[in-house]
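Sequential numbering from 15 applies to the sequence shown in this note's numbering.
Where is the CB? At the ideal position from N, CA and C, for every residue including glycine.
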Amino acid sequence: RSLRDGTISTRPCEPPPGAEGARAAVTWKNDFRYDTLQHYTFRTALRASIRLPRLTRKLRLVIAGENQGDPTAAIPVDPGTPGANVASTTRASSAGLVYDIFRTPRPFFNVGGGVQVRAKPDAYARARFQYAQPLGQDTLGRFTTTGAYHAREKFGVSNQLEFEHRLSPDSMVLWANSAS
């Protein structure tokens with residue numbers, strides 16, 4: 015959840031504000047980096063979330079992938095989902111199903127599972143709980159915990175704590191921590 019536009023909206027990798035009933039949401043990011051060692055790096059990431067309304071409004075197919083990871087990324091984008099692992103130094107892509115057990119304006123809990131697509135496929139499962147708490151008119155606190163199991167890497171957990179503060183209608187500060 016975010017304080018952008020003066021309201022609490024959805025996080026990246028979730029459907030954008032006003033699209034809760036949408037059947038699909040696509041996020042495509044490109045990074046171009048020039049570092050102090052005079053190296054150029056280009057990264058691209060794609061994530062598609064497709065609701066499966068004929069089965070249930072709570073089920074989504076999620077497809078994610080990156081051409082290469084970002085070893086300087088300190089905060090995971092989507093812990094437990096291999097195709098969105100920015101800390102990976104190799105190409106990663108995954109396909110899986112996510113089921114929302116419950117979702118309210120502040121807390122949500124979902125479970126998911128799928129396959130990391132590579133030469134030797136790797137199955138994974140994850141459960142995520144997030145709670146967002148307004149801390150005044152312009153500040154939002156958010157806690158997220160994700161437990162994951164990967165067939166090769168076994169069990170893991172990631173906890174994230176974030177604080178957002180709106181400085182003006184067009185700018186905000188985000189402070190985030192992650193521990194895995």
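Check this for me: beta carbons of residue i and residue j, under 7 Å apart or not?
i	j	result
V131	S107	yes
F157	Y138	no
M186	E178	yes
A162	R140	yes
Evaluate residue i with the Cβ neighbour count: other Cβ atoms within 10 Å of its Cβ, from every protein chain shown; 16 or more gives buried, anything less gives exposed.
i	result
R166	exposed
L154	buried
A78	buried
S172	buried
A3	Given that the chain is displayed from residue 15 to residue 194, the structure contains no residue 3 and the question cannot be resolved.
G126	buried
R120	exposed
Once you ignore the five residues that flank residue i on each side, which residues in its own chain have a CB closer than 6 Å to its CB?
i	result
R18	For R18, the predicted structure reports a pLDDT of 41, less than 50, and the residue's modelled location is therefore unreliable. The matter cannot be settled from this model.
R47	T55
N44	T58
Please classify residue i: does DSSP put it in a helix, a strand, or coil?
i	result
L75	strand
Q151	coil
R132	coil
T70	coil
E167	coil
S107	strand
P121	strand
L51	coil
Using a Cβ-Cβ cutoff of less than 8 Å, which residues in the same chain neighbour residue i once the five nearest sequence positions on both sides are dropped?
i	result
R37	I64, R65, P67
Identify, in the order they occur along the chain, each residue of the same chain with its Cβ nearer than 7 Å to the Cβ of residue i, setting aside the five sequence neighbours on each side.
i	result
L188	E176, E178
P148	L154
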